[in-house]
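**Student:** Dropping a structure here in structure tokens format, bear with me for questions.
Here's what the structure looks like:
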């Protein structure tokens, strides 16, 4: 990937370049629907020990961008589907994302104390409960798909997509590769290795959100391919932006420690490409993501806005 | 549950009461099929980091009783189904069981160094990889169901059963309740609490094995109910026997530390009921499990033998 600097979004920036408002009107309304659906999905029966439920809800209902659920709903809508049918898949995606944050924050993994401005799950509830909350959420995601996705064919397709995206060749594999990169010979680390880590660690689940939404809407293969490519582009763009924010962001806005990557000498896009080149490559990916939406006759403004948000954000 | 001592299996005991041979001829043959299927199911693509695959296979292919897969296959067969169609579910059950062992052995959980005569996963591969191996196996179980169970309705039903049995109201919830019991006021702990912990921690997955096998064979509701009850009985019997073996077994045969429960003053059946009463209650459960099989016209010898094995074993 060799890209010249591009800056295509001047019009979307406010005067303060670090505070870009890009979400169009329909999205906040869906956000409240997503929050309600997640709340409903995590009110367990009395068979769940109360402290385990509390620990799961502490992390699942802690806000966050809800990017993956939003993408699943938008993907479903742009293919002409009913977004309410994609809501279980949207919730399952957020459960998987949340479990991965709980486990990644553990002392044996990234050892983080702060997440979304609050103590991480294991700091709040202890390591054992945090491990079980993660395991429980991961399992509950598949329970939710099997119970709430109406059509069995869609339920199986979503289970398949989610398991691939979050499993040993997807997110879990990416986390392992990331851990190994920390102790690897620096000579073996390059941009390709970095992209491959992030494709699996972050990209796969974002791509999966697009695919699940499209599958539930019975998308054509052309639509599915376009939305898959959109997901791949913004997934990588999002991670480049995360790496940039670790350098340039504030702990207050991020709700977590910053400059950790530099402290730990982690393999990042800025360390490989420099700040400016990282930024421009992220912008090029956003451009490609938006181009992929051209095949859709309907209003793609929301998906365009999220593509831009993946890069132009301050947290 | 107030049961008088029963001893119904003299004829199955050998001269050495601690070395009971109960598995009839057909089962060892299936065992090799199960081992092959698990080996095949854990040969991942190159996208899985090699060390993660090694860690998963270290635990998944470490032997063990393969009780849950066997039960799924036998349940399918007794309902007239083709056991090859139940093999993916059998493998998924063993993946879930194995992930739970990896996570339960972690320092933050039961902190065990030895499992099946070898170092536990985190001792061998480090805590981070062990956590990820568990997460990966858990996810792979659902991937395997979605990919390998032919009929989408069966795949969804199995996903549903497995997620309930292993999730926050099942196995994960049971592990949380077990952890909480360790620090609870002893006054609040009684036989009912203990049974409830084990129903969730061990019983649910054994029950699930019976149900998945039956569902794949398109069992009638009477058949499904009978096999569900069989699973509930032997699940509890198995756990009582485990508690007894912790007191009476040898580390060599068990392949793990013994007398840990007593050391840690854990809530166990022997601590609540005494050794003799625990043994007789376990035997009564075996009797009930075998009674439940009466509705089946075919040969139930293998399921009867496993019911007996759940109690009469030395490891």
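Protein chains in written order, with our numbering: chain W, 1274 to 1588; chain Y, 1274 to 1588.
Even for Gly, the Cβ is constructed at its ideal location relative to N, Cα and C.
Going along the segment 1431-1456 of chain Y in order, which residues come within less than 7 Å of chain W, judged by CB to CB distance?
**Tutor:** 1432, 1433, 1436, 1437, 1439, 1440, 1441, 1442, 1445, 1446, 1448, 1449, 1450, 1452 and 1453
**Student:** Determine, using beta carbons only, whether residue 1405(Y) comes closer than 7 Å to chain A.
**Tutor:** No chain A appears in this structure, whose protein chains are W and Y.
**Student:** By a C-beta neighbour count over all protein chains shown, 10 Å radius and 16 as the cutoff for buried, is residue 1408(W) buried or exposed?
**Tutor:** buried
**Student:** Under 9 Å Cβ-Cβ, which residues of chain W neighbour residue 1324(Y)?
**Tutor:** Listed along the chain, the chain W residues whose CB falls inside 9 Å of the CB of residue 1324(Y) are 1449 and 1453.
**Student:** Quick one: is residue 1465(Y) buried, meaning 16 or more other Cβ sit within 10 Å of its Cβ, or exposed?
**Tutor:** exposed
**Student:** Looking at C-beta atoms only, is the number of pairs between the segment 1469-1477 of chain Y and the segment 1438-1453 of chain W that lie closer than 8 Å three or more?
**Tutor:** no
**Student:** On the criterion of 16 or more Cβ atoms from any shown chain inside 10 Å, does residue 1578(W) qualify as buried, or is it exposed?
**Tutor:** buried
**Student:** Run through chain W and tell me which residues come within less than 8 Å of residue 1413(Y), C-beta to C-beta.
**Tutor:** 1436, 1440 and 1441
**Student:** When you compare only the Cα positions, how much space is there between residue 1573(W) and residue 1454(Y)?
**Tutor:** Roughly 53 Å separates the two Cα atoms.
**Student:** If we count the other Cβ atoms within 10 Å of its Cβ and call it buried at 16 or more, is residue 1463(Y) buried or exposed?
**Tutor:** exposed
**Student:** Out of 1423(Y), 1422(Y), 1429(Y) and 1420(Y), state which residue places its alpha-carbon closest to the alpha-carbon of residue 1424(W).
**Tutor:** 1429(Y)
**Student:** Can you tell me which of the three DSSP states residue 1472(Y) falls into?
**Tutor:** helix
**Student:** Taking the alpha-carbon of residue 1576(W) as reference, which of 1460(W), 1417(W), 1451(W) and 1342(W) has the nearest alpha-carbon?
**Tutor:** 1342(W)
**Student:** Should residue 1495(W) be labelled buried (16 or more other beta-carbon atoms within 10 Å of its own) or exposed?
**Tutor:** exposed
**Student:** Going along the chain, which residues of its own chain have a beta-carbon closer than 8 Å to the beta-carbon of residue 1304(Y), five neighbours each way excluded?
**Tutor:** 1339 and 1343, listed in sequence order.
**Student:** In angstroms with no decimal places, state the Cα-to-Cα distance between residue 1326(W) and residue 1315(W).
**Tutor:** Going by C-alpha positions, residue 1326(W) is about 7 Å away from residue 1315(W).
**Student:** Would you grab the beta carbon distance between residue 1359(W) and residue 1486(W) for me? Rounded to a whole angstrom, and I think it's under 8 Å.
**Tutor:** 5 Å
**Student:** Can you give me the C-alpha to C-alpha distance between residue 1492(Y) and residue 1437(Y), rounded to a whole angstrom?
**Tutor:** 20 Å
**Student:** Can the beta-carbon of residue 1580(W) be found less than 7 Å from the beta-carbon of residue 1568(W)?
**Tutor:** no
**Student:** Would you say residue 1482(W) lies against chain Y (beta-carbon separation less than 7 Å)?
**Tutor:** no
**Student:** Mind checking if residue 1392(W) is an interface residue toward chain Y, Cβ cutoff 7 Å exclusive?
**Tutor:** By this cut-off, residue 1392(W) is not an interface position.
**Student:** Which of the three DSSP states is assigned to residue 1341(Y) in this structure?
**Tutor:** Reduced to three states, the DSSP call for residue 1341(Y) is helix.
**Student:** Just list the alpha helix (DSSP H) runs in the segment 1392-1446 of chain W, keeping only unbroken ones of 4 residues or longer that don't cross its boundaries, in chain order.
**Tutor:** 1394-1398, 1400-1421 and 1425-1439
**Student:** In whole angstroms, what is the alpha-carbon distance linking residue 1418(W) and residue 1440(Y)?
**Tutor:** 14 Å
**Student:** With a threshold of 7 Å between beta-carbons, can residue 1425(W) be considered close to chain Y, or not?
**Tutor:** yes
**Student:** Against chain W, does residue 1376(Y) count as a neighbour if the rule is that its beta carbon must be under 7 Å from one of theirs?
**Tutor:** yes
**Student:** For chain Y, find out if any of its Cβ atoms is closer than 7 Å to the Cβ of residue 1619(W); answer yes or no.
**Tutor:** Nothing about residue 1619(W) can be read from this structure; chain W reaches only from 1274 to 1588.
**Student:** In or out: residue 1395(Y) buried (at least 16 other Cβ within 10 Å) or exposed?
**Tutor:** Buried, because 16 or more other Cβ atoms sit within 10 Å of the Cβ of residue 1395(Y).
**Student:** What in chain Y is Cβ-close to residue 1317(W), meaning under 8 Å?
**Tutor:** Within chain Y, the residues near residue 1317(W) are 1441 and 1442.
**Student:** My understanding is that residue 1557(Y) touches residue 1513(Y), with C-beta atoms under 8 Å, so please give their C-beta distance in whole angstroms.
**Tutor:** Residue 1557(Y) to residue 1513(Y), Cβ: 10 Å. No contact.
**Student:** Quick one: which chain W residues come within Cβ less than 7 Å of residue 1321(Y)?
**Tutor:** 1441, 1442 and 1446
**Student:** Helix, strand or coil for residue 1297(Y), going by three-state DSSP, please let me know.
**Tutor:** Because residue 1297(Y) sits at a pLDDT of 47, beneath the cut-off of 50, its placement in the model cannot be relied upon, and the following sentence gives the value as read from the coordinates. Coil, per DSSP.
**Student:** Quick check: what's the CA-CA separation for residue 1354(W) versus residue 1570(W)?
**Tutor:** The straight-line gap from Cα to Cα measures roughly 14 Å.
**Student:** For residue 1411(W) versus residue 1452(Y), is the C-beta distance shorter than 7 Å?
**Tutor:** no
**Student:** Between the segment 1327-1340 of chain Y and chain W, which residues of the former have CB atoms less than 8 Å from a CB of the latter, in chain order?
**Tutor:** Contact annotation: in the segment 1327-1340 of chain Y, residues whose CB is within less than 8 Å of a CB in chain W are 1329.
**Student:** Since residue 1511(W) is in the alpha helix (DSSP H), which residue starts that stretch and which ends it?
**Tutor:** 1494-1521
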